[in-house]
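Chains as they are written, first to last, in my numbering: chain Z, 8 to 285; chain D, 448 to 743; chain L, 484 to 851.
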Amino acid sequence: MSRTRLAFPQPAGIGFGAWYLLAVAFLFAPIATSVIYSFNVGSLGKQTSLFTGWTLHWYAMAWRDLTLRRAVETSVVASFWSALLATLLGSALGFTMVRHPVRRVRLLLSGLTYLLLIVPETVTGVSLLLFYAVTRVPLSLATLIAGITPLAIAVTALIVRAGVLTLDRRYEEASADLGANRWQTLRFVILPHLAPAVGAGALMAYVFSFDNLVVSTFLTTPRVNTLPVYLFGSLQYGPAPTVYAAAAAIMFFTLALIGLAALLYRLAARRDLQARYQ
Amino acid sequence: MRGVTPTARTSAHQRIAVPTSDALLAGIPAAWLFVFFVAPLAFTVFFSFGHSTFGGIAPGFTFDNYRAALSGFYAQSFLRTLRFAFAGSALCLLAAFPTAYFIARHAGRWRAAALALVLVPYFTSFLIRVMSWQILLARGSAVEMLLNFLCLHSGPLDVLDTQTAVFIGIVYAYLPIAIVPLYVVLARIPPTLVEASRDLGASPWQTFLFLMLPLARPGVATAALLTAVPMLGELVVPTLLGGDKGVLIGRAISSQYIESQNYALGSAMAVLVMIAVGVVVALLARLTRGFMEVAP
Amino acid sequence: MTRSMSRQKSRHFSRRSVLGLLGAGIAGTALAGLPRRAAAAGGQLNIYSWPDYFSTDDLAAYTAKSGVTPAITTYNANEILFAKLNSPAGAGFDIVVPSSGWISQLAGKNLLQPLDHSRIDFGALDPSLLNRDYDPGNKYSIPKDWGVLGVVYDPDAVGGEIKTWQDFFDAGAKPGASGKIRLTKAPSETVGPALWISGKDWNKATVADIQGTRDFLTGFAKHVKTFSSFDPQALASGAIVLAQANQAAARGALLQNPKLKWVVPGPKSEIWVDSYAIPSSAQNLDQAYDFLNFFLSADIQVKETEYLGYPAAIAGLKGKLSADTKLPDMIFGGSGVDFNALTSYIVNPDTVAAYQDVQNAVQAAAGG
């Protein structure tokens with residue numbers, strides 16, 4: 008019985024598996040490289056493409072470099088807030104793009120989302136800078152976050168939308184028939200089905216916000232600088248392995264956090280399951 | 448029976464009861480985007496008709512900027528970028544589809560972990576990863592040694608600062624963005640449908656081509672949109688991996704704003720690009736019925 | 484559903500509680516990361532500069548001495564600096580580090596304030612770097628470090644020596660070098676050499692002069708491989724055999740491949756001077772001058788030179804470098820550099836667009 012659940016028989020499954028592993032290797036190659044080269048001695052204090060020797064020096068330097076640390080902190084905080092906003096607003100947008108009863112509204116929302124993708128980032132950045140100049144709003148962390156959310160919202164919206172399109176309308180109708188109002192239907196019927204899409208959208212929103220370069224360049228202030236802006240500027244005179252060390256440290260820290268959270272979640276889920284059947 | 452919930456096919460003449468939940472869910476994001484995105488953008492359109500002062504705009508009304516923007520060099524730049532985005536997007540989708548397929552349908556219990564593994568690299572700064580590609584594609588790198596060892600290539604690796612390197616970088620950058628919507632859509636295809644198809648005598652390929660692929664269409668369309676359109680504005684990868692050659696339209700617009708301090712011309716170019724891309728996306732939406740498929 | 488829900492509520496360790504804990508933890512960290520309002524003991528100092536442009540040790544020494552921790556934000560192009568200062572959003576910087584070319588533009592728009600010479604000790608600085616054409620009398624700027632535009636090349640691949648910019652262009656067209664050339668992406672440094680060959684001055688060139696170099700340069704462009712930031716490795720491995728570069732970057736290449744040669748071609752070349760300047764809207768002037776005096780002191784300038792690889796402006800720097808500095812001559816642009824033949828580019832709004840157009844055309848025409 009389980010054999011026919013797959014469209015392709017086992018050998019093809021192995022082929023797909025091999026492709027998957029190749030893709031993972033492709034995706035991880037630069038990560039591994041960046042981690043290895045964070046230990047590179049380099050030459051004259053700059054990074055080199057040939058490995059010249061092992062050292063932990065750059066990790067110590069990264070910790071002591073306050074400019075870099077500040078930039079990393081700001082990036083993490085701004086990305087968190089941006090991802091939170093983008094998940095909430097983007098999921099709502101993604102859902103109503105498909106399910107809003109009025110066709111004109113759906114078209115408008117879709118158009119807005121596509122516009123977010125179409126506009127080049129430099130244009131957004133400059134127009135935001137000029138906008139705040141004219142409206143006399145001082146730049147701050149808040150304006151930076153507000154500046155990077157639109158693109159994250161678009162990404163989340165489109166991912167959630169893809170999920171909503173595979174949702175069977177009859178579940179919603181059945182729920183309504185059984186007497187639930189719209190909010191209850193949303194909460195107990197639709198949201199659980201959309202959970203993977205929303206989760207994926209949230210992750211993508213965080214990642215997009217963290218890596219935002221162009222808009223951030225225009226919105227930095229004396230006390231607000233982000234890691235990508237720092238990195239791109241370091242290309243002028245050549246980056247030191249310090250930034251590689253910082254990036255590696257952030258990555259391990261973030262992954263450890265996520266791993267811990269996933270582990271706790273799993274344990275809790277197991278407990279819930281036990282509780283349910285006792 | 449389709450009864451209680453108002454359907455989308457109600458005619459425009461009837462008053463539609465819009466539930467408050469839907470109104471709020473649509474209204475709040477729209478309001479946010481209007482303030483922080485559309486309003487500033489309106490400035491851009493306004494500036495495109497002005498006169499450029501160095502680093503500023505003198506308000507006025509002129510089409511000079513549009514005339515300059517439509518000139519040969521920028522038009523060529525735009526066409527070049529279109530070709531580039533189309534090729535890059537196609538490559539990306541080709542790489543992403545089998546990967547998403549594997550995660551959605553062959554990973555079983557490990558589905559979440561398999562997807563997570565693909566997304567993990569994205570928790571490192573993108574720029575660092577592209578800079579690492581510079582190291583990987585340089586002469587004398589580990590990649591060169593590997594390729595020589597596998598007899599896939601002989602001699603020094605001269606890929607850096609070429610179009611090939613840019614495509615490698617682009618596919619690398621946009622792969623997860625393509626994988627996620629494909630996965631979401633492929634994962635939701637009920638196994639019972641596949642079973643039914645096999646039971647009715649369809650071969651694996653027939654099941655794939657006539658059942659799964661059409662059902663995956665919203666995901667494919669979304670993935671294509673999410674890759675091709677941002678590629679049109681791509682700045683970083685062609686600069687770092689491509690030797691900064693072959694000025695793409697994103698770079699051209701950026702150089703007007705930043706290096707030339709000509710906000711008026713940059714705005715005009717941006718407006719033209721937005722119109723052109725908007726038209727293409729709208730046509731595509733028409734063709735695929737709003738990138739939508741009615742759910743089974 | 485109701486039974487298990489009540490079970491969930493009574494459980495301490497459930498999925499809900501984990502999610503709640505997680506959310507609270509992340510929110511807490513995020514809130515903790517928000518900018519603090521409390522100022523440090525000695526006050527604040529906001530600097531806008533290139534990344535990694537001050538040695539970490541020297542910054543720590545400054546903080547230890549004065550109690551002020553400078554907050555450094557970074558930009559990746561002088562034009563960004565200009566755009567920021569030009570907009571009301573650019574308020575709040577106390578020290579900025581523009582390149583020499585932009586100082587007259589920034590000063591012209593009243594974005595910089597005249598420096599109070601009584602508060603800074605100019606005595607230790609090299610007089611040949613002071614009072615130059617881009618800022619007469621150093622009204623607005625103090626030199627931080629400087630560089631020259633030159634050419635680093637592999638004499639075997641190029642088939643001879645390079646002494647002038649004409650040699651450079653000729654060498655690039657030869658089969659040994661074609662397709663392995665690096666040009667800079669700064670328009671002045673691309674168009675400049677073409678102007679100098681025909682005896683023109685890049686600060687006095689008209690738009691017509693600049694556009695006149697277009698055909699020559701786009702013809703040369705097909706030999707060019709990259710405009711990316713200079714990579715010493717590429718030169719060391721032979722992927723690039725002819726490159727425009729500044730002397731500190733070239734020094735890195737020469738260290739890795741001693742076969743390479745460096746020259747500052749005639750008849751003219753560029754000297755740029757990254758300088759300290761104080762924006763008009765600066766708030767923390769006391770801290771700013773304190774910082775400048777600290778970083779302009781002799782021993783700090785020596786340390787900065789050794790950290791950055793770019794020479795600071797102090798007089799007699801050559802003699803003060805530590806004995807184990809590698810290729811010390813290269814830090815100063817090599818031996819035999821004629822400083823009278825060096826000129827600084829000054830940004831002129833009337834010609835900037837013309838320069839950039841030629842640069843875009845060259846980059847678009849560059850070989851695959």
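Think of the CB as a built atom: it goes at the ideal place given N, C-alpha and C, for glycine as much as any other residue.
If you're wondering where the values come from, they're calculated on a predicted model, not measured in any experiment.
Can you check whether the C-beta of Ser-86 of chain Z is within less than 7 Å of a C-beta belonging to chain L?
no
Measure the alpha-carbon distance for Thr-11 of chain Z versus Ser-650 of chain D and round it to whole angstroms.
Per-residue confidence for Thr-11 of chain Z stands at a pLDDT of 47, beneath the threshold of 50, marking its modelled position as unreliable; no derived number is given.
Of all Cβ atoms in chain Z, is any one closer than 7 Å to the Cβ of Tyr-513 of chain D?
no
Closer than 6 Å: is that where the CB of Ala-634 of chain D sits relative to any heavy atom of the ligand GTP?
Ligands are entirely absent from the displayed structure, and the ligand GTP is therefore not among its contents.
Kindly indicate if chain D contains any beta-carbon less than 7 Å away from that of Glu-562 of chain L.
yes
Could I get the ranges of all uninterrupted beta strand (DSSP E) runs contained in the region 574-599 of chain D, with 3 residues as the minimum, in chain order?
none
Does the distance from the CB of Ser-45 of chain Z to the CB of Tyr-251 of chain Z come in under 7 Å?
yes
Could you tell me whether any Cβ in chain Z is nearer than 7 Å to the Cβ of Thr-500 of chain D?
Under the Cβ distance rule, Thr-500 of chain D does not count among the residues neighbouring chain Z, no pair being separated by less than 7 Å.
Can you tell me which of the three DSSP states Ser-532 of chain L falls into?
strand
Could you check if Pro-619 of chain L is buried or exposed, using at least 16 other CB atoms within 10 Å of its CB as the buried criterion?
Exposed, by the Cβ-count rule.
Can you list, in chain order, the stretches of the beta strand (DSSP E) that have 3 or more residues and sit fully within the region 587-662 of chain L?
624-636
In terms of residue numbering, what span does the alpha helix (DSSP H) encompassing His-498 of chain D cover?
Here His-498 of chain D belongs to no alpha helix (DSSP H); instead the beta strand (DSSP E) covers 498-500.
Out of D:Leu-679, D:Glu-681 and D:Thr-686, which has the shortest C-alpha to C-alpha gap to Leu-242 of chain Z?
D:Thr-686
Would you call Cys-539 of chain D buried or exposed, if buried means 16 or more other Cβ atoms sit within 10 Å of its Cβ?
buried
The region 708-726 of chain D: which residues have C-beta closer than 9 Å to a C-beta of chain L, in chain order?
Within the region 708-726 of chain D, those residues whose Cβ lies closer than 9 Å to any Cβ of chain L are, in chain order, Gln-708, Asn-709 and Leu-712.
Taking C-beta pairs closer than 7 Å, name the residues in chain L that Ser-702 of chain D reaches, listed in chain order.
Gln-839 and Asn-843
Can you tell me the Cα-Cα spacing of Val-579 of chain L and Trp-61 of chain Z, whole angstroms?
36 Å
Please compile the residues from chain L whose C-beta is within a distance smaller than 8 Å of the C-beta of Met-68 of chain Z.
Against Met-68 of chain Z, the close residues of chain L are Thr-539, in the order they occur along the chain (beta-carbon pairs closer than 8 Å).
Taking Cβ positions only, does Gly-497 of chain D come closer than 7 Å to chain L?
no
Quick check on Thr-74 of chain Z - is its C-beta less than 7 Å from some C-beta in chain L?
By this cut-off, Thr-74 of chain Z is an interface position.
Please confirm if Phe-493 of chain D has its CB atom under 7 Å from at least one CB of chain Z.
no
Please name the residues in the region 117-132 of chain Z whose beta-carbon is closer than 9 Å to at least one beta-carbon of chain D, in chain order.
Ser-117, Gly-118, Leu-119, Thr-120, Tyr-121, Leu-122, Leu-123, Leu-124, Ile-125, Val-126, Pro-127, Glu-128, Thr-129, Val-130, Thr-131 and Gly-132
Classify Pro-610 of chain L as buried or exposed, calling it buried when 16 or more other Cβ atoms lie within 10 Å of its own Cβ.
exposed
Using a Cβ-Cβ cutoff of less than 7 Å, which residues in the same chain neighbour Ala-521 of chain L once the five nearest sequence positions on both sides are dropped?
With a pLDDT of only 43 at Ala-521 of chain L, under the threshold of 50, the placement of this residue in the model should not be trusted, and no figure is reported.
Can you check the region 675-712 of chain D for any beta strand (DSSP E) of at least 3 residues that lies completely inside it and give the ranges in chain order?
none
Please report the straight-line C-alpha distance between Leu-267 of chain Z and Ala-275 of chain Z, rounded to a whole angstrom.
12 Å
Helix, strand or coil: which one does DSSP assign to Gln-716 of chain L?
helix
Please state the DSSP three-state secondary structure of Ile-43 of chain Z.
Helix at Ile-43 of chain Z.
Which residues does DSSP pair with Ile-155 of chain Z in a beta bridge?
Beta-bridge pairing links Ile-155 of chain Z to no other residue.
Residues in the region 461-492 of chain D with C-beta within 7 Å of chain Z's C-beta atoms, listed in sequence order?
Going along the region 461-492 of chain D in chain order, one finds Ile-463, Val-465, Pro-466, Ser-468, Asp-469, Leu-472, Ala-473, Ile-475, Pro-476, Ala-477, Trp-479, Leu-480, Phe-483, Phe-484, Ala-486, Pro-487, Leu-488, Phe-490 and Thr-491 with a Cβ nearer than 7 Å to chain Z.
Just to confirm, are Leu-472 of chain D and Thr-103 of chain Z a CB contact at a threshold of 7 Å?
yes
Residues of chain D with CB under 9 Å from Asp-218 of chain Z, in chain order?
Tyr-569, Ser-572, Phe-573 and Leu-574
I'd like to know whether the C-beta of Phe-710 of chain L is nearer than 7 Å to at least one C-beta of chain D.
yes
Rank D:Leu-529, D:Pro-466 and D:Phe-570 by C-alpha distance to the C-alpha of Arg-106 of chain Z and give the top, closest one.
D:Pro-466
Does the beta-carbon distance from Val-820 of chain L to Val-747 of chain L come in below 7 Å?
With a cutoff of 7 Å on beta-carbon distance, Val-820 of chain L and Val-747 of chain L are scored as near each other.
Taking 7 Å as the CB-CB cut-off, is Arg-645 of chain D touching chain L?
no
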